[in-house]
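Accompanying notes for the structure given below.
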Amino acid sequence: MWSYIISGVFFIALGLAIHVFKWYFLISGYNTMSKEKKANVDVKNLSRVVGIYFYVIGGVAIAMGVLNSLGFKQVLVPAIVIFGISTIYMLIKANKYGRSVSSKDDERGKLQKGTWERINLRTIISIVAVILVVVLLFFSSRPTKVTLIDGGVQIHGMYGDTCAWNSIKTVKLLEELPTIEIRTNGSALGPYLKGHFKVKELGSVKLFVNAQKPPFIYLETDKGISIFNVESEDKTREIFGEIIKKME
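Number 1527 marks the last residue of the sequence shown (the working numbering); no jumps.
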């Protein structure tokens, strides 16, 4: 809870610094512009747009912290949607106010042929990048799907794998996760941990878990250790029982 609230306060403070206190040097790219280029930027409106964006992101983060403390757990997906929409809106508005007149434009500041195309291309690329990030965040926050097939235990989604029955050495149920030291190649979005992590007790492992919903199935194979759970405690225990039966 407190991590969300602290992050929210930080973003709101950043928005105030740019919008109210006019610390324009905090706007990415603006402080490195030449004086000529800065003269062609509507920095007042640009700072307002950037400031409002940080207010929204900060407010959403604080709301997530408060809702989590009240027991509402399904707040991550709406937050991701708001983040995506507000980021795209900010990029479009910032492009309008933040464009500088290129050296190829005429003396009156009129954009010559081709300049708008270059500006719009940059905006489109930025928007596509944001959409890809939002999609990645969305799928990272989905519960892990596990299927028991003839070939073994199939873990679906990003970083997923199939653990062949004849390769499984140990399977057990954990009520607590081992101590996570670092994420080496994966995603860590709130309680959702997916990918490669280093843990204190076991070294390198693959996690597919919602850390807030124990228990967790520990599966050691010839290829390494995977720890996973699914959308509910009952379903996780059911899958564990089915794996035990297959191993007998």
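In this text, a Cβ means the ideal position worked out from N, Cα and C, and glycines have one as well.
At what residues does the beta strand (DSSP E) containing residue i begin and finish?
| i | result |
| --- | --- |
| Tyr1497 | Phe1495 to Thr1500 |
| Asp1440 | Asp1440 to Ala1443 |
| Gly1503 | Gly1503 to Phe1507 |
| Lys1301 | Per DSSP, Lys1301 belongs to no beta strand (DSSP E) and is neither H nor E. |
| Phe1519 | First-last for Phe1519: Glu1512 to Met1526, but that is the alpha helix (DSSP H), not the beta strand (DSSP E). |
| Gly1308 | No beta strand (DSSP E) contains Gly1308, which DSSP labels as neither H nor E. |
| Ala1431 | The residue asked about is misnamed: residue 1431 is Gly in this sequence, not Ala. That run of the beta strand (DSSP E) goes Gly1431 to Ile1434. |
| Leu1453 | Ile1447 to Leu1453 |
| Leu1468 | Ile1459 to Leu1468 |
| Lys1485 | Gly1482 to Asn1489 |
| Thr1426 | Val1425 to Ile1428 |
Roughly how many angstroms lie between the CA atoms of residue i and residue j, to the nearest whole one?
| i | j | result |
| --- | --- | --- |
| Leu1370 | Leu1305 | 16 Å |
| Glu1480 | Thr1449 | 16 Å |
| Leu1325 | Ala1342 | 26 Å |
| Gly1430 | Ile1361 | 41 Å |
| Glu1512 | Lys1316 | 58 Å |
| Gln1391 | Ile1506 | With a pLDDT of 46 at Gln1391, under the threshold of 50, the modelled position of that residue is not reliable, and no figure is offered here. |
| Leu1293 | Ile1285 | 12 Å |
| Tyr1309 | Lys1323 | 12 Å |
| Ala1443 | Thr1463 | 24 Å |
| Glu1521 | Asp1501 | 20 Å |
| Thr1441 | Ile1428 | 9 Å |
| Leu1452 | Glu1517 | 11 Å |
| Leu1295 | Leu1468 | 27 Å |
| Thr1458 | Leu1472 | 13 Å |
| Thr1366 | Val1356 | 15 Å |
| Tyr1368 | Pro1470 | 28 Å |
| Ile1331 | Glu1460 | 36 Å |
| Thr1515 | Asn1445 | 22 Å |
| Lys1314 | Gly1363 | 32 Å |
| Phe1476 | Gly1482 | 8 Å |
| Ile1297 | Ser1307 | 11 Å |
| Ala1318 | Gly1350 | 50 Å |
| Asp1385 | Lys1301 | Because Asp1385 sits at a pLDDT of 45, beneath the cut-off of 50, its placement in the model cannot be relied upon, and the following sentence gives the value as read from the coordinates. Each residue's alpha carbon lies about 30 Å from the other. |
Where do the ends of the alpha helix (DSSP H) carrying residue i lie?
| i | result |
| --- | --- |
| Tyr1471 | Looking at the DSSP string, Tyr1471 is not in any alpha helix (DSSP H); the run it does join, the beta strand (DSSP E), is Tyr1471 to Val1478. |
| Gly1337 | Val1322 to Ser1348 |
| Glu1315 | Lys1314 to Lys1317 |
Leaving aside the five residues before and after residue i along the sequence, list all residues of the same chain whose C-beta is less than 6 Å from its C-beta, in chain order.
| i | result |
| --- | --- |
| Glu1499 | Lys1448 and Thr1449 |
| Glu1454 | Pro1493 and Pro1494 |
| Phe1519 | Leu1452 and Ile1496 |
| Gln1433 | Thr1426 and Thr1441 |
| Glu1527 | none |
Just checking my contact of residue i with residue j at CB under 8 Å: how many whole Å lie between their CB atoms?
| i | j | result |
| --- | --- | --- |
| Gly1474 | Leu1456 | At roughly 14 Å, the Cβ-Cβ gap does not stay under 8 Å, so Gly1474 and Leu1456 are not in contact. |
| Gly1337 | Val1299 | Their Cβ separation, rounded to whole angstroms, is 14 Å, which puts Gly1337 and Val1299 out of contact at 8 Å. |
| Gly1465 | Tyr1497 | Contact flag wrong, Cβ pair sits at about 17 Å. |
| Val1484 | Gly1503 | 7 Å |
| Tyr1283 | Gly1344 | 3 Å |
Apart from the five residues on each side of it in sequence, which residues of its chain come closer than 8 Å, Cβ to Cβ, to residue i?
| i | result |
| --- | --- |
| Ala1373 | Leu1325, Val1328 and Val1329 |
| Pro1422 | Asn1489, Val1509 and Glu1510 |
| Phe1290 | Phe1333, Tyr1334, Ile1336, Gly1337 and Ala1340 |
| His1435 | Thr1423, Lys1424, Val1425 and Thr1426 |
| Lys1525 | Leu1427 and Trp1444 |
| Ile1523 | Val1450 |
Does residue i come within less than 9 Å of chain D when only Cβ atoms are used?
| i | result |
| --- | --- |
| Thr1423 | In summary, chain D is missing from the structure at hand, where a single protein chain is found. |
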